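Each protein sequence line maps, in turn, to chains X and U. For the first sequence, numbering that gives the first Met the number 0 gives the first residue as 0, with consecutive numbering after it. For the second sequence, numbering that gives the first Met the number 0 gives the first residue as 0, with consecutive numbering after it.
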Amino acid sequence: MAFVELCNTSNFTFLGGGSHAEEYARQAFEFAMPALAIADVNSVAGIVRAHVELREIARKLRETGEEAVVPRLLAATRLETVDGFSVVALPQDRTGWGGLCQMLTRAKQQAGKGDCLLRFEDILEQATAMELILLPPSPIYPRGAAGWQDRAQQLVRRFGSAVSVLMAPCYDGQDSARFDAVAEQARRLGMQTVASATPVMHRGSRRRLSDVLTCIRESLRIDDIGHKALSNAERHMRDEAAMLRLFEGHEDAVHRSGQIAQRCRFSLDELKYEYPSEISVGEAPQARLERLSREGLKWRYPEGVPDRVARMLTHELTLIGKLGYAPYFLTVHDLVDFARSRGILCQGRGSAANSVACFALGVTSVSPEVGTMVFERFVSEARDEPPDIDVDFEHERREEVIQYIYERYGRHRAGLCATVVHYRGKRAIREVGRAMGLSGDTISALSSQLWGWGSGGMPEEQLRELGLNPNEPRLKQTLDLVDQIVGFPRHLSQHVGGFVITEGALDALVPIENAAMEGRTVICWDKDDIDALGILKVDVLSLGMLTCIRKAFDLIENHHGTEYTLASLPPEDPKVYDMLCEADSLGVFQVESRAQMNFLPRMRPRTFYDLVIEVAIIRPGPIQGDMVHPFIRRRQGLEEVSFPSDALGEVLGKTLGVPLFQEQAMQIAIIGAGFTPEQADRLRRSLATFKKHGNVSEFRELFLSGMAKNGYDEDFAARCFGQIEGFGSYGFPESHAASFALLVYASAWLKCHHPGIFACALLNSQPMGFYAPAQIVRDAREHGVTVRPVCINASYWDNVMEPDGRGGLALRLGFRQIRKMSEEEATWICSARGNGYTQVEDVWRRAGTPPHVLEILAEADAFATLGDTRREALWHAKAVKGAAPLPLFAQELDGEGLEEPPVTLPEMSEGENVVEDYVSMRLTLRAHPMALLRPLLTPETPASGKPQKQGGGR
Amino acid sequence: MKLAGLFSLMIAGLLFAAEARALSCLRPNLAEAFNRFQDSEDTYIIALGKIRPTGTEPPYTEGKPRTIPAKLTGRFMGLDGFGADFTRELTIQTHCLAHWCGGLPATPNEDHLMFLRRTDAGLVLDMQACPDGTLSLPSEDRIDLLQSCLTRGKCTESDLQKMEDR
Chain X
0 MAFVELCNTS NFTFLGGGSH AEEYARQAFE FAMPALAIAD VNSVAGIVRA
50 HVELREIARK LRETGEEAVV PRLLAATRLE TVDGFSVVAL PQDRTGWGGL
100 CQMLTRAKQQ AGKGDCLLRF EDILEQATAM ELILLPPSPI YPRGAAGWQD
150 RAQQLVRRFG SAVSVLMAPC YDGQDSARFD AVAEQARRLG MQTVASATPV
200 MHRGSRRRLS DVLTCIRESL RIDDIGHKAL SNAERHMRDE AAMLRLFEGH
250 EDAVHRSGQI AQRCRFSLDE LKYEYPSEIS VGEAPQARLE RLSREGLKWR
300 YPEGVPDRVA RMLTHELTLI GKLGYAPYFL TVHDLVDFAR SRGILCQGRG
350 SAANSVACFA LGVTSVSPEV GTMVFERFVS EARDEPPDID VDFEHERREE
400 VIQYIYERYG RHRAGLCATV VHYRGKRAIR EVGRAMGLSG DTISALSSQL
450 WGWGSGGMPE EQLRELGLNP NEPRLKQTLD LVDQIVGFPR HLSQHVGGFV
500 ITEGALDALV PIENAAMEGR TVICWDKDDI DALGILKVDV LSLGMLTCIR
550 KAFDLIENHH GTEYTLASLP PEDPKVYDML CEADSLGVFQ VESRAQMNFL
600 PRMRPRTFYD LVIEVAIIRP GPIQGDMVHP FIRRRQGLEE VSFPSDALGE
650 VLGKTLGVPL FQEQAMQIAI IGAGFTPEQA DRLRRSLATF KKHGNVSEFR
700 ELFLSGMAKN GYDEDFAARC FGQIEGFGSY GFPESHAASF ALLVYASAWL
750 KCHHPGIFAC ALLNSQPMGF YAPAQIVRDA REHGVTVRPV CINASYWDNV
800 MEPDGRGGLA LRLGFRQIRK MSEEEATWIC SARGNGYTQV EDVWRRAGTP
850 PHVLEILAEA DAFATLGDTR REALWHAKAV KGAAPLPLFA QELDGEGLEE
900 PPVTLPEMSE GENVVEDYVS MRLTLRAHPM ALLRPLLTPE TPASGKPQKQ
950 GGGR
Chain U
0 MKLAGLFSLM IAGLLFAAEA RALSCLRPNL AEAFNRFQDS EDTYIIALGK
50 IRPTGTEPPY TEGKPRTIPA KLTGRFMGLD GFGADFTREL TIQTHCLAHW
100 CGGLPATPNE DHLMFLRRTD AGLVLDMQAC PDGTLSLPSE DRIDLLQSCL
150 TRGKCTESDL QKMEDR
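Written out as structure tokens, the structure is:
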């Protein structure tokens, strides 16, 4: 039986393994190994990578018609108990896999993030339907062997021939004796031996990196690594011939690995994802989706559903039915429905989010009339995987949705995806540099040149500019190792909101572990892994602007009695576009950055679709791909709009011949370069993960030759591919851009028509956006909003709108603007305020507010309404002693005339007040700080010269 | 205990004026308030929602109670949880203790948990000089605790303690 390596340790044994799981998979293919197993310590996080790599190898072979053995991936993990007992476990079938996942889940959930409290008893109880390969203590120096033998015997008694013992070389000249001893021990215990090279790297060339990983793990410098270093470069993957040479006399142990592999029939492809059944509520999913969608359309179009929209829905539902995605749409609908029942604003985006079905289900508010998107592009038959819908919720209330998911589906059926944190630039330089003993200065200098760091390392001139000698061996070695470590997984973190929800127990599908955040659980696979396995993920994301818009809608309803939703705002309001054309967009979603403000007057948006483009174009992808200038020149009529062909004209027509959206890039590949939809989809995926793996080049060749074949000139083809590359993970799909554009329009509409309410909502949603409260307040005042200061008798925790006495509304700053003020104290001050406080001491006496809080309020000038200046209020606050009032004595002392003599405190200048305002609240309603310096800077201008705008100029 | 309406539970008892335990107001303990309202002869309903005055707020005259018309948007607590959302008119009745008088609820845009007195003229929110029948931004824990008091008909000593702790 052919040899199979069953004990590969990948770099998902963090800071342990020296090679990627994919590298082992490729190496096994090169060795023509029939199978391989990735056995990381108490983890199965890396095995999907190897699985996907092998699938890709098989696909390429199919495409080229070559015949070769593609190794089978065996699921495995190396179980390590808290007291050091080790065993490699390989599930034989689906039951074994479920048991392994549940064993790991229990052990991980008892421990903190990243730890695993596995006991020997757990293995003894739960390791059914698994092959177990025991790692014996050294038979040459058998310390603690007696305890190990007891445990081995227990396992043999329980699991019989499924238990083997590992025979692995140490390359120390004693391997022959070691193998004999292990074989004898196995015979005594009634077990078979199985050979493995126990690789920690796929090739010996990773030895130095392995030592550096050891140094990082142990916080050592390479010079002090001592016996912890690998003693040689032998612990790499070996082919059968090499193994037979090594294990001369024990060849049966080598062959037994193949027998074990044959008994392990489980494949990750067997992991059939089942949608949760709750979402159907007794109906067939497709029937329910059709019913809800048609009802939804009536709700969206109370005056009659347009024929075109009805036709589009029918078409979409047919496609959804054909692909069996109805449960997915229903799951998203369930979450959105919950959010709506709680008054939580949400907006869907992602590949399928802007379909008519999602519009009807309330997942998105972008009308299907917008854009020219074709549903197939997002729900593609070529992609045998669920469509992607991300839903943004108000950032302050997303937790309610998350807890709803846990409550409705149970923690055993729902968990967040992991995000694999990889080594990248700075971290790689810092940690490798430290391990290699570079000085802090050198590490900082190298980090500062990160942007010059290409795939071939840092250019020599750049190193010389830093004062470093590029030929210095230690530095050269370090840079080489940094290159190698980039892309290595460092640890698992929780995905921002990708939930996996299953019908059965999630922990029988994949191990679940605790996240750092209390009450959260994560699975060990990231979004690419679960994508590859066809598992449903719903992204429950948070967006500050949704909080702001909901708060603004509430304020409008309260003060003006008009109820708005994202879908019911008056569309295509020219005043809104006028405002945006003037770059008056502070606080407006997505278009408030300097770059966007600069672009708005040139773009001059006049329609909703212009906003879709606006959102998509000011992104690193289009900017790096040099699409901005051609687009703007064409839009301004300075350059003729031309298309390289009629076919591409159809794709690029709406963006004036310049590709701006990810979908267009895919369409160019299909129409221009003759890609199949499946190839285009793989190109999209490789673009998305391009930064991580850099595997776009294979498509470049295909693209260029395809374009040439279809008669496009080489220069144009190269430019197109450059633009497609530019998208990388930074390009926007049109559907995302349309969803965001709706929020741009909504926030711009609010700012245009209700600037006070918009500013108030924006302040109450902080921290979010680009601008600090001072700038938001200044901008509001420049738009004619009356802003009133924090007042002990009129303010609440939140900023509020109050009657301005002239029939309008004024923005009253809330206690939340004051630094160090707590919400609890502020709310109680308001609760106990009753008919109002009359003096500083009153707040202390009536609300029991501690003196230090009174001082905070005094420093914020919150007592001005009582006639106290900042200093006077502070003087009174400082006079208050004791955490709580002693009323009886206070009354008596008052009566006995022990009042303090009146004092006259020096008045603060305007400048001092401005400074104190900033210290206390980071904003002021007094003069702009520069206004105070104006007479000094321009002495010829009289101080009382030109009247200034309230709050100063921009 | 009597049930009135679809979602509401009425609590009978006597309304106490705010106790002048000290001259500064104590933060309301909802469990204690529950028992007090339960023993009252008036009928009370527990509600969770936002309150906004409607129309112009009448001016304050020192030591004189005020009647302020308002609108409540929220839900009533029943024996099996909260009912459906509603909006209805109510009256805020302020009460005075010497020159200290009750005012409006603390956060106009956020939820309050409150005990509403049922009268022939409609629902009344009594705002004492020291507020004892409303709590702004109540935590889920506190709401759950009050729900269990309602189910049992009484808050226990341990509920009182837990309400203090949360």
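All C-beta atoms, glycine included, are put in the ideal place defined by N, C-alpha and C. This structure is a prediction, so every number in the text was calculated from the model and none was measured.
Checklist entry - Under 9 Å Cβ-Cβ, which residues of chain X neighbour U/Ala-128? => result Against the second sequence, residue 128 of chain U aligns to sequence position 129. Per Cβ cutoff of 9 Å: Ala-831, Gly-833, Asn-834 and Arg-845.
Item to check | Three or more C-beta pairs below 8 Å linking the stretch 489-502 of chain X and the stretch 511-522 of chain X | outcome: yes
Item to check | Cβ neighbours of X/Leu-291 in the same chain (closer than 7 Å, five flanking residues each side left out) | outcome: Working through the first sequence from its first residue, we reach residue 291 of chain X at position 292. Closer than 7 Å at Cβ, skipping near neighbours: His-332 and Leu-360.
Checklist entry - In angstroms, rounded to a whole number, what distance separates the CA positions of X/Asp-553 and X/Glu-562? => result For the purposes of this step, residue 553 of chain X is taken as residue 554 along the first sequence, with counting starting at 1. For the purposes of this step, residue 562 of chain X is taken as residue 563 along the first sequence, with counting starting at 1. Taking the straight line joining both Cα atoms gives about 8 Å.
Item to check | Inter-stretch contact (C-beta, 8 Å, three-pair minimum) for the stretch 703-714 of chain X and the stretch 585-602 of chain X | outcome: no
Next on the checklist: So the candidates are X/Glu-697, X/Gln-838 and X/Leu-655; which of them puts its Cα closest to the Cα of X/Phe-674?
Outcome noted: Taking the first sequence and counting its residues from 1, the one referred to as residue 674 of chain X is at position 675. Cα-wise, what sits closest to X/Phe-674 is X/Glu-697.
Next on the checklist: Quick check on the burial criterion: 16 or more other C-beta atoms within 10 angstroms. Buried or exposed for X/Glu-858?
Outcome noted: Within the first sequence, the letter at position 859 stands for residue 858 of chain X. Result: buried.
Next on the checklist: Classify U/Pro-107: buried if its beta carbon has 16 or more other beta carbons within 10 angstroms, exposed otherwise.
Outcome noted: Along the second sequence, one-based indexing puts residue 107 of chain U at 108. Classification for U/Pro-107: buried.
Checklist entry - What does U/Thr-118 pair with, by DSSP beta-bridge criteria? => result The count along the second sequence starts at 1 and reaches residue 118 of chain U at position 119. Bridge partners of U/Thr-118: U/Gly-121.
Next on the checklist: Do X/Met-767 and X/Met-907 count as a contact pair if the criterion is CB distance below 8 Å?
Outcome noted: Within the first sequence, the letter at position 908 stands for residue 907 of chain X. Within the first sequence, the letter at position 768 stands for residue 767 of chain X. Their beta carbons are not under 8 Å apart, which means X/Met-907 does not touch X/Met-767 by this criterion.
Next on the checklist: Let me see if you follow: with CB-CB separation under 8 Å, is X/Asp-797 close to chain U or not?
Outcome noted: The residue labelled residue 797 of chain X in the question sits at position 798 within the first sequence. Yes - at least one Cβ of chain U is within 8 Å of the one on X/Asp-797.
Item to check | Per DSSP, cross-strand counterpart(s) of X/Asn-7 | outcome: The residue you call residue 7 of chain X lines up with position 8 of the first sequence. BP columns for X/Asn-7 point to X/Ile-37.
Item to check | Proximity to X/Gly-248 [Cα-Cα], best of X/Ala-260, X/Thr-213, X/Asp-841 and X/Asp-179 | outcome: On the first sequence, position 249 is the one that residue 248 of chain X refers to. Among X/Ala-260, X/Thr-213, X/Asp-841 and X/Asp-179, the Cα nearest to that of X/Gly-248 belongs to X/Asp-179.
Checklist entry - In or out: U/Gly-132 buried (at least 16 other Cβ within 10 Å) or exposed? => result Walking along the second sequence from the start, residue 132 of chain U turns up at place 133. Buried: at least 16 other Cβ atoms inside 10 Å.
Item to check | Chain-ordered neighbours of U/Tyr-59 on chain X, where CB pairs are closer than 9 Å | outcome: For the purposes of this step, residue 59 of chain U is identified with residue 60 of the second sequence, where counting begins at 1. Neighbours of U/Tyr-59 on chain X, chain order: Asn-834 and Gly-835.
Checklist entry - Closer than 8 Å, CB to CB, is U/Arg-171 near chain X or not? => result In the structure displayed, chain U extends from 0 to 165; residue 171 of chain U sits before or after that span and is not available.
Checklist entry - For the beta strand (DSSP E) that contains X/Asn-709, what are its first and last residues? => result Counted from its first residue, the first sequence places residue 709 of chain X at position 710. Looking at the DSSP string, X/Asn-709 is not in any beta strand (DSSP E), and its letter there is neither H nor E.
Next on the checklist: Below 8 Å on the Cβ atoms is my contact criterion, and I expect X/Tyr-744 with X/Leu-542 to pass it. Report the Cβ-Cβ distance as a whole number of Å.
Outcome noted: Translated into positions along the first sequence, residue 744 of chain X becomes position 745. Translated into positions along the first sequence, residue 542 of chain X becomes position 543. Contact flag wrong, Cβ pair sits at about 15 Å.
Next on the checklist: So, at 6 Å on beta carbons, what are the nonlocal neighbours of U/Leu-47 in its own chain, with the 5 sequence-adjacent residues on each side left out?
Outcome noted: Here the question's residue 47 of chain U lines up with position 48 in the second sequence. For U/Leu-47, where only same-chain residues beyond five positions count, the Cβ hits under 6 Å are Gly-73, Arg-74, Asp-110 and Leu-112.
Next on the checklist: For X/Thr-213 and X/Ala-228, what's the separation of their Cα atoms in angstroms?
Outcome noted: For this step, residue 213 of chain X is matched to residue 214 along the first sequence. For this step, residue 228 of chain X is matched to residue 229 along the first sequence. Cα to Cα, X/Thr-213 sits roughly 7 Å from X/Ala-228.
Checklist entry - Taking 8 Å as the CB-CB limit, is X/Asp-553 close to chain U? => result Position 554 of the first sequence, counting from 1, holds the residue named residue 553 of chain X. Yes, X/Asp-553 lies at the interface with chain U (some Cβ there is under 8 Å from its Cβ).
Checklist entry - Tell me which same chain residues have a C-beta within less than 8 Å of the C-beta of X/Ile-319, skipping the five on either side of it? => result One-based indexing of the first sequence puts residue 319 of chain X at position 320. Counting only Cβ-Cβ distances below 8 Å, and skipping sequence neighbours, we find Gln-285, Leu-288, Ala-325, Phe-328, Ala-356 and Val-378.
Next on the checklist: I'd like to know if X/Leu-897 contacts chain U, where contact means its C-beta is closer than 8 Å to some C-beta of that chain.
Outcome noted: As a position in the first sequence, residue 897 of chain X is number 898, starting the count at 1. Note on X/Leu-897: pLDDT 45, under 50, position unreliable in the model; the coordinate value appears next. X/Leu-897 does not count as touching chain U.
Checklist entry - What distance in whole Å lies between the Cβ atoms of X/Leu-35 and X/Val-3, which are believed to be in contact at a cut-off of 8 Å? => result On the first sequence, position 4 is the one that residue 3 of chain X refers to. On the first sequence, position 36 is the one that residue 35 of chain X refers to. So it is a contact: roughly 6 Å between Cβ atoms.
Item to check | Alpha carbon of X/Lys-526 to alpha carbon of X/Ile-855, nearest angstrom | outcome: For the purposes of this step, residue 526 of chain X is taken as the residue at position 527 of the first sequence. For the purposes of this step, residue 855 of chain X is taken as the residue at position 856 of the first sequence. One C-alpha to the other measures close to 47 Å.
Checklist entry - Taking Cβ-Cβ distances shorter than 9 Å, what residues in chain X pair up with U/Ala-105? => result Here residue 105 of chain U refers to the residue found at position 106 of the second sequence. Here the neighbours are Tyr-795, Trp-796, Ala-825, Thr-826, Trp-827, Ile-828, Cys-829, Ser-830, Ala-831 and Arg-832.
Checklist entry - How about U/Asp-125 and U/Arg-117: are their beta carbons less than 8 Å apart? => result Locating residue 125 of chain U in the second sequence gives position 126, counting from the first residue. Locating residue 117 of chain U in the second sequence gives position 118, counting from the first residue. No; because the gap between Cβ atoms is not below 8 Å, this pair is not in contact.
Checklist entry - Taking DSSP as the reference, what is the three-state secondary structure of X/Leu-653? => result Taking the first sequence and counting its residues from 1, one reaches residue 653 of chain X at position 654. The amino acid at residue 653 of chain X is misidentified as Leu; the sequence shows Lys. Three-state DSSP puts X/Lys-653 in a helix.
Checklist entry - Mind checking X/Glu-269: buried by the 16 CB within 10 Å criterion, or exposed? => result Here the question's residue 269 of chain X lines up with position 270 in the first sequence. Exposed, because fewer than 16 other Cβ atoms sit within 10 Å of the Cβ of X/Glu-269.
Next on the checklist: Please tell me whether X/Asn-557 has its Cβ less than 8 Å away from any Cβ of chain U.
Outcome noted: Position 558 of the first sequence, counted from the first residue, corresponds to residue 557 of chain X. With 8 Å as the cut-off, X/Asn-557 counts as an interface residue toward chain U.
Checklist entry - Would you say X/Gly-894 reaches chain U, if we count a Cβ-Cβ gap shorter than 8 Å as a contact? => result To locate residue 894 of chain X, count along the first sequence from 1; it is residue 895. The predicted position of X/Gly-894 is uncertain, since its pLDDT is 41 and thus under 50; no value can be drawn from it.
Checklist entry - Roughly how many angstroms separate the alpha carbons of U/Arg-35 and X/Arg-118, rounded to a whole number? => result For the purposes of this step, residue 35 of chain U is taken as the residue at position 36 of the second sequence. For the purposes of this step, residue 118 of chain X is taken as the residue at position 119 of the first sequence. In a straight line, the C-alpha of U/Arg-35 is about 54 Å away from that of X/Arg-118.
Checklist entry - Any idea if X/Pro-488 is buried or exposed, counting beta-carbon neighbours within 10 angstroms, 16 or more meaning buried? => result In the first sequence, counting from the first residue as 1, residue 488 of chain X sits at position 489. Label assigned to X/Pro-488: buried.
Checklist entry - Where does X/Arg-410 sit, in a helix, a strand or coil, going by DSSP? => result Position 411 of the first sequence, counted from the start, is the residue given in the question as residue 410 of chain X. Note: X/Arg-410 maps to coil in three-state DSSP.
Next on the checklist: Give me, in chain order, the residues of the same chain whose beta-carbon lies closer than 8 Å to that of X/Glu-239; leave out the 5 immediate sequence neighbours on both sides.
Outcome noted: Looking up residue 239 of chain X in the first sequence gives position 240. For X/Glu-239, where only same-chain residues beyond five positions count, the Cβ hits under 8 Å are Ala-1, Phe-2, Phe-30, Met-32 and Val-253.
Item to check | Beta-carbon contacts of X/Phe-715 that lie in its chain and below 7 Å, excluding the five residues immediately before and after | outcome: On the first sequence, position 716 is the one that residue 715 of chain X refers to. Cβ neighbours of X/Phe-715 beyond the five flanking positions: Pro-643.
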